[in-house]
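Worksheet: the structure to be examined is printed underneath.
In the UniProt record's numbering, the protein residues as written are 1 to 445.
If you want it as structure tokens, here you go:
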């Protein structure tokens with residue numbers, strides 16, 4: 001399939017969640033407790049059957065449209081008080097995550113499969129990300145819908161499964177530039193550790209500017225309900241699936257982004273991007289990381305940016321492929337390589353030549369869109385120019401990225417660049433200075 005240079009001119013948010021709900025009514029208020037019971041018993045329907053299309057005032061159920069925390073039932077209110085990060089107990093509970101010295105998701109090195117699975121069974125009780133109750137499911141769904149019910153132009157979400165203390169200036173730079181380019185967007189960070197007092201302090205500079213950004217503790221079992229990945233997660237929870245020697249958090253992030261897209265729609269973004277151009281017109285899009293220079297056919301796709309409608313059939317195929325072919329011992333196998341396998345198989349089956357006109361309404365964007373620099377060349381973007389020719393190269397790169405019209409975001413390949421300084425005068429320094437809102441001092445002079 002050749003890379004499609006065209007853009008689908010329909011807002012990301014048109015087929016995901018959107019604000020603009022109706023005001024509360026006495027009749028709705030009278031039905032609140034009945035509706036709450038319905039949500040708890042059939043919470044999966046609250047984000048599938050009720051969320052039919054963007055821009056509709058009937059997107060949300062009666063409770064989700066009109067209920068404020070004080071209108072919840074006694075059990076639900078108690079749960080909110082115990083778990084909401086505005087309470088001191090909730091803050092302390094979440095901050096305990098940052099005090100852990102060892103990540104229970106990372107197996108000791110050089111373990112064989114049987115040893116690793118036995119070790120992992122001892123760690124399962126520590127893994128909050130695998131836990132869920134009817135109340136936690138309803139509370140998560142309620143918070144997501146409440147957050148999105150505020151007139152978002154576009155819905156973005158990121159995932160952070162590390163301690164909040166590790167959410168540094170580089171990750172903040174991603175949030176900063178995203179909201180500079182999309183000031184009316186909603187940005188959700190799915191993270192237990194960032195849904196805390198420390199997380200609130202980290203995000204406060206953006207919130208103080210009136211920007212819509214919030215960290216919400218995810219409920220992964222709820223997200224995978226009624227998807228092919230439910231059985232995979234159950235096997236992991238029961239200790240019957242080998243998580244592999246790759247940190248499980250990496251693969252849980254791969255799964256969570258797919259499940260979130262399938263249930264709510266929107267745009268998933270990694271936390272090692274710098275945003276350059278408004279991408280709210282993109283829809284059902286994924287970026288190619290590499291293409292054949294002669295045929296222009298993509299060679300590999302990447303899942304650092306995924307934009308899909310709710311309940312999209314390709315996302316369902318991603319979830320099925322993840323669950324049925326999972327291999328926790330190969331880096332990228334359940335992420336970039338997985339989405340590449342699925343779309344290559346669909347192309348072979350459907351025989352389409354134009355990705356934007358096929359049954360799946362999919363647009364594959366060229367590398368310039370999100371991956372204009374390969375991982376083995378990104379280091380040069382962090383270096384200051386040492387002479388006139390290097391200065392010209394830096395200026396040309398900055399102009400190409402900012403004004404070339406083909407790049408939406410620059411993937412920074414964090415595994416390669418996390419230890420690099422952003423040197424003064426470098427491509428990265430100039431881009432960030434041009435695109436930042438808060439402009440934390442991340443540049444080395």
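For each residue, glycine too, the CB sits at the ideal point set by N, CA and C.
(request) Examine the Cβ distances between the region 413–430 and the region 189–205 and report whether three or more of them are shorter than 8 Å. (result) no
(message) So if DSSP puts residue 411 in a beta bridge, which residue, or which two residues, is it bridged to?
(response) Looking up residue 411 in the chain shown gives position 411. Answer is 273, bridged to residue 411.
(request) Could you have a look at residue 283 and say whether DSSP puts it in helix, strand or coil? (result) Working through the chain shown from its first residue, we reach residue 283 at position 283. Coil.
(message) Taking only three categories from DSSP, how would you classify residue 111?
(response) For the purposes of this step, residue 111 is taken as the residue at position 111 of the chain shown. Note: residue 111 maps to coil in three-state DSSP.
(request) Could you spell out the range, first to last residue, of the beta strand (DSSP E) harbouring residue 329? (result) As a working note, residue 329 is residue 329 in the chain shown. It is not in any beta strand (DSSP E) - residue 329 carries neither H nor E in the DSSP assignment.
(request) Figure out for me which residue from 381, 385, 140 and 210 has the closest Cα to the Cα of residue 274. (result) Position 274 of the chain shown holds residue 274. Closest by alpha carbon: 381.
(message) Under 8 Å: do the region 403–418 and the region 263–282 share three or more Cβ pairs, one atom per stretch?
(response) yes
(request) Can you grab the Cα-Cα spacing for the pair residue 304 / residue 385, in whole Å? (result) As a first step, residue 304 is located in the chain shown; it is residue number 304 there, counting from the start. As a first step, residue 385 is located in the chain shown; it is residue number 385 there, counting from the start. C-alpha separation (whole angstroms): 29 Å.
(request) On a CA-only basis, which of 167, 291, 263 and 249 is nearest residue 228? Give me that one, please. (result) For the purposes of this step, residue 228 is taken as the residue at position 228 of the chain shown. When only C-alpha atoms are compared, the closest one is 263.
(request) Tell me where the alpha helix (DSSP H) around residue 236 begins and ends. (result) Your numbering for residue 236 matches position 236 in the chain shown. Taken as a continuous stretch (DSSP letters only), the alpha helix (DSSP H) holding residue 236 covers 230–237.
(request) Just the C-alpha distance for residue 372 and residue 338, rounded to the nearest angstrom, thanks. (result) Mapped onto the chain shown, residue 372 falls at position 372. Mapped onto the chain shown, residue 338 falls at position 338. About 21 Å.
(request) Report the residue from 243, 306 and 162 whose alpha carbon sits nearest the alpha carbon of residue 260. (result) For the purposes of this step, residue 260 is identified with residue 260 of the chain shown, where counting begins at 1. Nearest C-alpha to residue 260: 306.
(request) Spatial neighbours of residue 284 within its chain, please: CB distance less than 8 Å, with the 5 preceding and 5 following residues excluded, ordered by chain position. (result) On the chain shown, position 284 is the one that residue 284 refers to. So the list reads 8, 307, 308, 309, 312, 314, 360, 361, 362 and 363, once near-sequence residues are dropped.
(request) May I ask you to report which of helix, strand or coil DSSP gives residue 268? (result) What you label residue 268 is simply residue 268 of the chain shown in a count that begins at 1. Strand at residue 268.
(message) Considering Cα atoms alone, identify which of 166, 199 and 206 is closest to residue 217.
(response) Taking the first residue of the chain shown as 1, we reach residue 217 at position 217. Comparing Cα-Cα distances from residue 217 to each of 166, 199 and 206, the minimum goes to 199.
(message) I'd like the span of the alpha helix (DSSP H) that includes residue 161, first residue to last.
(response) Position 161 of the chain shown, counted from the start, is the residue given in the question as residue 161. Here residue 161 belongs to no alpha helix (DSSP H), and DSSP marks it neither H nor E.
(request) Grab me the residues of residue 247's own chain with a C-beta within less than 6 Å of its C-beta, minus the 5 sequence neighbours each way, in chain order. (result) Residue mapping note: residue 247 aligns to position 247 of the chain shown, counting from 1. Cβ within range, chain order: 105 and 106.
(message) Does residue 163 pass the burial test, meaning 16 or more other C-beta atoms within 10 Å, or should it be called exposed?
(response) Sequence index remark: in the chain shown, residue 163 carries index 163 (1-based). Buried is the call here.
(request) Look at the Cβ atom of residue 329, then the Cβ atom of residue 240, and state whether they are nearer than 9 Å. (result) The residue given as residue 329 occupies position 329 in the chain shown. The residue given as residue 240 occupies position 240 in the chain shown. In this structure, residue 240 does not lie closer than 9 Å to residue 329 by Cβ.
(request) Express the C-alpha separation of residue 171 and residue 95 in angstroms, rounding to a whole number. (result) Residue 95 sits at position 95 when you count from the first residue of the chain shown. Residue 171 sits at position 171 when you count from the first residue of the chain shown. Because residue 95 carries a pLDDT of 45, less than 50, the predicted location of this residue cannot be relied on, and the following value inherits that uncertainty. So the alpha carbons of these two residues sit roughly 19 Å apart.
(message) Quick check on the DSSP output: what are the complete beta strand (DSSP E) runs of length 3 or more inside the region 130–185, in order along the chain?
(response) 155–159
(request) Mind the definition here: the region 342–350 touches the region 386–404 only if three or more C-beta pairs lie below 8 Å; say whether that holds. (result) no
(message) If I follow the unbroken alpha helix (DSSP H) through residue 363, where does it start and stop?
(response) Within the chain shown, the letter at position 363 stands for residue 363. Where residue 363 is concerned, there is no enclosing alpha helix (DSSP H), although the beta strand (DSSP E) it sits in stretches over 363–365.
(message) Determine whether the beta carbon atoms of residue 256 and residue 203 lie at a separation below 9 Å.
(response) Stepping through the chain shown from its first residue, residue 256 is reached at position 256. Stepping through the chain shown from its first residue, residue 203 is reached at position 203. No, Cβ-Cβ distance for residue 256 and residue 203 is not below 9 Å.
(request) Tell whether a beta-carbon distance below 9 Å holds between residue 271 and residue 435. (result) As a working mapping, residue 271 is identified with position 271 in the chain shown. As a working mapping, residue 435 is identified with position 435 in the chain shown. Cβ distance not < 9 Å, so residue 271 and residue 435 don't count as in contact.
(request) Name the two residues that bound the continuous beta strand (DSSP E) containing residue 300. (result) Your numbering for residue 300 matches position 300 in the chain shown. Note, residue 300: beta strand (DSSP E), 298–308.
(message) Between the alpha carbons of residue 415 and residue 146, how many angstroms are there, rounded?
(response) As a working mapping, residue 415 is identified with position 415 in the chain shown. As a working mapping, residue 146 is identified with position 146 in the chain shown. Whole-angstrom Cα-Cα distance: 34 Å.
(request) Name the two residues that bound the continuous beta strand (DSSP E) containing residue 213. (result) Walking along the chain shown from the start, residue 213 turns up at place 213. 212–216 is the span of the beta strand (DSSP E), which, as asked, contains residue 213.
(request) Would you list the residues sitting across from residue 291 in a DSSP beta bridge? (result) Residue numbering aside, residue 291 sits at position 291 when the chain shown is read from its first letter. Per DSSP, 298.
(message) Please classify residue 243 as buried or exposed, where buried requires at least 16 neighbouring CB atoms within 10 angstroms.
(response) Taking the chain shown and counting its residues from 1, the one referred to as residue 243 is at position 243. The residue in question, residue 243, is buried, as its Cβ has 16 or more Cβ neighbours within 10 Å.
(message) Only counting the same chain, and skipping five residues up and downstream in sequence, which positions put a Cβ closer than 6 Å to that of residue 369?
(response) The count along the chain shown starts at 1 and reaches residue 369 at position 369. Correct list, in chain order: 287 and 408.
(message) Could you check whether the Cβ of residue 433 sits closer than 8 Å to any heavy atom belonging to the ligand ADP?
(response) Looking at this structure, you won't find the ligand ADP or any other ligand, since it has none at all.
(message) Considering just the uninterrupted stretch of the alpha helix (DSSP H) at residue 241, what are its terminal residues?
(response) Working through the chain shown from its first residue, we reach residue 241 at position 241. That residue, residue 241, is in no alpha helix (DSSP H); it is neither H nor E in DSSP.
(message) The alpha helix (DSSP H) that contains residue 395, what's its start and end?
(response) Mapped onto the chain shown, residue 395 falls at position 395. Looking at the DSSP string, the run of the alpha helix (DSSP H) that includes residue 395 is 388–403.
(message) Going by C-alpha to C-alpha distance, which of 184, 237 and 207 sits closest to residue 126?
(response) For this step, residue 126 is matched to residue 126 along the chain shown. When only C-alpha atoms are compared, the closest one is 237.
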